[in-house]
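Okay, structure first, notes after.
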Amino acid sequence: MTVKTDGIKEFKTLKSSHPDWHDSIEAVFDKVVAIRRDLHKHPELAFEEIRTAGIVAGLLKEWGYEVREAVGKTGVIGLLHGAAPGPVIGLRADMDALPMNDKIDQPYRSENDGLAHTCGHDAHTSILLGVAKLFAERGLESGTLKLIFQPAEEIGQGADAMIKDGALENPKVDAMAGLHVHPTLKTGEFSITEAKYSCAAVDIFELVITGAGGHAAHPHQTVDPILIAAQVLVALQQIVSRQTDPLDSVVLSFGQIEGGTKATIIPDSVLLKGTVRTLKPETRAQMPEKIESIATGIARSFKGDAVLTYHHVTPSIKIDEEMRGLLTETVSELFGAQALHIASPSMGGEDFSYFSQEVPSVFFRLGTKNGEQTAFPNHNSRFDVDEQSFLYGISVLSLLTHKFLQTTKGEKE
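The numbering of the sequence shown is my numbering, which starts it at 153 and goes up by one.
In structure tokens form, the structure reads like this:
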């Protein structure tokens, strides 16, 4: 069963310009939808994608790919070689789900309590399997297609783990592409940023504010860490408003405050937990020192102290100019220039960024909205996608792959 969308008319235009591609893509569509619904019913958390990885590996083997399993713990790599030597392009999909309930009213709703594919990784995996099936049937004239099915994106560790396990080597990947489903765009639409960085670097930090506790009735006999924490919370926002170029982008947010056991007791310490998001690597590098300087300065002025623990999670996604141009050309050729929207960079994180730091890469958004049921944001318990959008995702990734392998093959021969 497919869902009728406003975008189907645009997809049909592919039949007149690329009839063979159009028919090949439509031929794999039902299989892709069936895979997606099965994965959606059986979500798995980061580094626990055993069933998902098994399905991926099994299908790739069935379709004639060279398969490597347990890459970066639960990742899978599929290789398809062309008839002639040439460059290597990598396509990536993430496989993990989120620890939350699935509230969609569909027969494919999650059967695993407290787990849900509310970010669309089931769609990413299924789309990439659709690309795999298409090329297994069409073959490659030259070069190599490397399919990277990655675990643990939601905790920002899967891409790095796969790279350390050799995912970009043997054969060495020359370029990468990836997508993310997004309900801010209608089915048949795509978006990419014109900026150098498309998603923010993600850092997590903890501040322990230490004072000297005592009776709340006698605050003058204490060093109040709650009061100090309040001053620190406000002052740290000046990093964004007064220490950062207004044309740059920084987000500094707190998500947790822990301290105290009773209303009448001033505690000895307070714990603050927050996140920092930056686009430019040089801005990111400055943040730990700025946070520590302000927090310790304020704490010590009240006779307390502050200790910072800072964790770098994922870097920014770096967009390669040539790969961006190839994506623009591909979307325009398939669906017209109007199908591709220019978006601002996102301050959300994506660990595709690790791949983009190693090889020239492009990362774009795929529209999945068609009515109220598919308009809920990512990470919402009612998040769902218009499955007709898979036609567009498979189309762009497939033709982009074909174009890259054809246009750069001379350099590798």
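We put the CB at the ideal spot given by N, CA and C, even for glycine.
Considering only C-alpha positions, which residue in the set the options is nearest to residue i?
{"i": "residue 231", "options": "225, 241, 383, 400", "result": "241"}
{"i": "residue 468", "options": "549, 274, 532, 509", "result": "509"}
{"i": "residue 299", "options": "338, 452, 216", "result": "216"}
{"i": "residue 347", "options": "293, 471, 297", "result": "471"}
{"i": "residue 222", "options": "315, 189, 255, 536", "result": "315"}
{"i": "residue 555", "options": "496, 486, 334, 178", "result": "486"}
{"i": "residue 551", "options": "524, 479, 294, 245", "result": "479"}
{"i": "residue 422", "options": "431, 557, 511, 377", "result": "377"}
{"i": "residue 339", "options": "466, 525, 559, 553", "result": "525"}
{"i": "residue 567", "options": "173, 365, 328", "result": "Within the shown structure, residues of the chain are numbered from 153 to 565, placing residue 567 beyond reach of any answer."}
{"i": "residue 294", "options": "233, 462, 312, 512", "result": "233"}
{"i": "residue 410", "options": "362, 454, 434", "result": "362"}
{"i": "residue 407", "options": "424, 513, 393", "result": "424"}
{"i": "residue 539", "options": "172, 218, 318, 258", "result": "258"}
{"i": "residue 389", "options": "172, 436, 443", "result": "443"}
{"i": "residue 229", "options": "453, 320, 237", "result": "320"}
{"i": "residue 337", "options": "557, 553, 558, 537", "result": "537"}
Going by DSSP, what residues sit across from residue i in a beta bridge?
{"i": "residue 192", "result": "Partner(s): none; residue 192 has no beta bridge."}
{"i": "residue 302", "result": "246"}
{"i": "residue 507", "result": "The partner list for residue 507 (beta bridge, DSSP) is empty, contrary to what the question assumes."}
{"i": "residue 361", "result": "422, 458"}
{"i": "residue 280", "result": "Paired residues: none, contrary to the question."}
{"i": "residue 296", "result": "233, 240"}
{"i": "residue 470", "result": "349"}
{"i": "residue 366", "result": "418"}
{"i": "residue 464", "result": "355"}
Please return the same chain residues whose Cβ sits closer than 6 Å to the Cβ of residue i, not counting the five positions on each side in sequence.
{"i": "residue 427", "result": "356, 405"}
{"i": "residue 195", "result": "249, 262, 264, 267, 268, 269"}
{"i": "residue 498", "result": "351"}
{"i": "residue 447", "result": "359, 384, 458"}
{"i": "residue 418", "result": "365, 366, 368, 374, 376"}
{"i": "residue 494", "result": "346"}
{"i": "residue 166", "result": "174, 486"}
{"i": "residue 530", "result": "271"}
{"i": "residue 403", "result": "429, 499"}
{"i": "residue 312", "result": "506"}
{"i": "residue 156", "result": "Note that residue 156 scores a pLDDT of 43, beneath 50, so its modelled location is shaky; the value from the coordinates is reported in the next line. For residue 156, where only same-chain residues beyond five positions count, there are no Cβ hits under 6 Å."}
Between residue i and the rest of its own chain, which residues show a CB-CB distance below 7 Å, the 5 nearest in sequence each way excluded?
{"i": "residue 303", "result": "198, 199, 201, 224, 225, 226, 227, 247, 248, 310"}
{"i": "residue 483", "result": "342, 491, 492, 548"}
{"i": "residue 545", "result": "279, 331, 518"}
{"i": "residue 534", "result": "255, 256, 528"}
{"i": "residue 172", "result": "none"}
By Cβ distance, which residues of its chain are closer than 8 Å to residue i, with the 5 residues on each side in sequence left out?
{"i": "residue 290", "result": "176"}
{"i": "residue 280", "result": "243, 244, 245, 299, 301, 549"}
{"i": "residue 542", "result": "181, 184, 185, 188, 275, 278, 279, 282"}
{"i": "residue 190", "result": "207, 260"}
{"i": "residue 527", "result": "335, 521"}
{"i": "residue 416", "result": "367, 368, 369"}
{"i": "residue 513", "result": "327, 328, 329, 330, 469, 470, 471, 472, 475, 504, 507"}
{"i": "residue 349", "result": "431, 432, 468, 469, 470, 471, 497"}
{"i": "residue 553", "result": "241, 243, 283, 287, 297, 329"}
Is the stretch 502 to 516 close to the stretch 339 to 356, with three or more CB pairs under 8 Å? yes
Is the stretch 207 to 221 touching the stretch 281 to 290, taking contact as three or more C-beta pairs under 8 Å? yes
Report yes or no: do three or more beta-carbon pairs, one from the stretch 516 to 523 and one from the stretch 365 to 375, lie closer than 8 Å? no
Fully enclosed by the stretch 328 to 357, which beta strand (DSSP E) runs are 3 residues long or longer? 342 to 345
Quick check on the DSSP output: what are the complete alpha helix (DSSP H) runs of length 4 or more inside the stretch 190 to 278, in order along the chain? For the stretch 190 to 278, whole alpha helix (DSSP H) runs of length 4 or above, ordered along the chain, are 202 to 214.
As an exercise, report each continuous alpha helix (DSSP H) stretch of at least 4 residues that is fully enclosed by the stretch 372 to 458, in chain order. 377 to 388, 390 to 394, 433 to 453
Taking only runs of the beta strand (DSSP E) that begin and end inside the stretch 489 to 547, which ones reach a length of at least 3 residues, in chain order? Entirely contained in the stretch 489 to 547, the beta strand (DSSP E) runs reaching 3 residues are, in chain order, 492 to 495, 513 to 521.
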